[in-house]
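Chemist:
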Amino acid sequence: MTRSRILSALSRLLRGGAARPPAPRGGTGRTGTAYPGDFRGRVDVRWAPRHDDRADPGEIVWAWVPFEEDHGRGKDRPVLVVGRDGRWLLALMLTSKDHDQDYEDEYRHGRTWVDIGTGAWDGQRRPSEVRVDRVLRLDPGSVRRQGATLDERRFRDVADAMRAVGRA
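Taking my numbering, the leading residue of the sequence shown gets 295, the next gets one more, and so forth.
Below, the structure written as structure tokens:
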């Protein structure tokens with residue numbers, strides 16, 4: 295068991311809570327809205343953060359992200375908002391895991407990660423990567439605004455990588 299999992303379990307025990315129950319089956323997220331599936335088209339990517347109470351392209355926020363293999367399960371994680379599809383936000387998931395170590399395996403499975411460095415979205419200021427080949431559709435109501443704005447230069451790098459894999 296990793297140190298972070300041990301600390302998380304200890305924190306839950308000290309608060310008197312049990313382990314967090316899994317998300318409801320059947321593809322619903324935290325807001326109860328059924329997940330419509332990943333976005334399959336090309337995203338019209340534009341950096342357009344605004345200092346308001348809504349998630350905008352260019353902002354990194356936290357949201358429940360469904361697992362690729364089972365939309366009925368998922369985890370809370372940071373995402374980079376890159377656009378909209380009707381009522382849905384379009385976003386890319388972030389990780390602090392270094393995928394350079396397993397690049398060949400990731401490439402073989404069609405996963406493409408781009409380094410975006412560090413930022414206020416991670417309390418420990420760990421370097422982050424964003425996955426550019428999987429575009430998530432997120433209910434705006436499931437988003438928590440505990441993140442940061444990605445600067446325009448790094449956002450352009452992400453957009454260029456999305457274009458390279460046919461997602462923008």
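Built from N, CA and C at the ideal position, the CB exists for glycine as well.
Please report the distance separating the alpha-carbon of residue 415 from that of residue 389.
Modeler: Distance between the alpha carbons of residue 415 and residue 389: 11 Å.
Chemist: For residue 332, which residues from the same chain have a beta carbon less than 8 Å from its beta carbon, with the 5 sequence-adjacent residues on both sides left out?
Modeler: Contacts found: 362, 428, 429, 430, 431.
Chemist: What three-state label does DSSP hand residue 423 in the structure shown?
Modeler: Three-state DSSP puts residue 423 in a strand.
Chemist: Let's test the definition: count the other Cβ atoms within 10 Å of the Cβ of residue 317 and tell me whether it reaches 16, buried, or not, exposed.
Modeler: Summary for residue 317: the model assigns pLDDT 37, below 50, so the residue's position carries little reliability; its value from the coordinates is reported in the next sentence. Its Cβ being crowded by 16 or more others within 10 Å, residue 317 is buried.
Chemist: Just to confirm, are residue 411 and residue 442 a CB contact at a threshold of 9 Å?
Modeler: No, these two residues do not count as a Cβ contact at 9 Å.
Chemist: If you follow the alpha helix (DSSP H) that residue 399 is part of, which residue opens it and which one closes it?
Modeler: Its alpha helix (DSSP H) spans residues 397-402.
Chemist: So, for residue 455: in the same chain, excluding its five sequence neighbours on each side, which residues have a beta-carbon less than 7 Å away from its beta-carbon?
Modeler: Excluding residues within five positions, the ones whose Cβ falls inside 7 Å are 406, 408, 426.
Chemist: So, under 8 Å CB-CB, residue 355 and residue 371 are touching, yes? Tell me the CB distance rounded to an integer number of Å.
Modeler: Between residue 371 and residue 355 the Cβ distance is about 10 Å, and since that is not below 8 Å, they are no contact.
Chemist: In the DSSP assignment, find the unbroken beta strand (DSSP E) run with residue 357 in it and report its ends.
Modeler: It spans 353-360 - the beta strand (DSSP E) in which residue 357 sits, taken as one unbroken run.
Chemist: Per DSSP, which residues does residue 333 bridge with? Please list them.
Modeler: The partner list for residue 333 (beta bridge, DSSP) reads 429.
Chemist: What residues in its chain sit with their C-beta under 8 Å from that of residue 330, if we drop five residues either side in the sequence?
Modeler: 382, 431, listed in sequence order.
Chemist: Using a Cβ-Cβ cut-off of 7 Å (strictly less than) and excluding sequence neighbours within five positions of residue 319, which residues of its own chain qualify?
Modeler: Confidence in residue 319 is poor, its pLDDT being 37 and thus under 50, which makes the residue's placement unreliable; the coordinate value appears in the next sentence. So the qualifying residues of the chain are 366.
Chemist: Which class does residue 409 belong to by DSSP, given the choice of helix, strand or coil?
Modeler: Three-state result, residue 409: strand.
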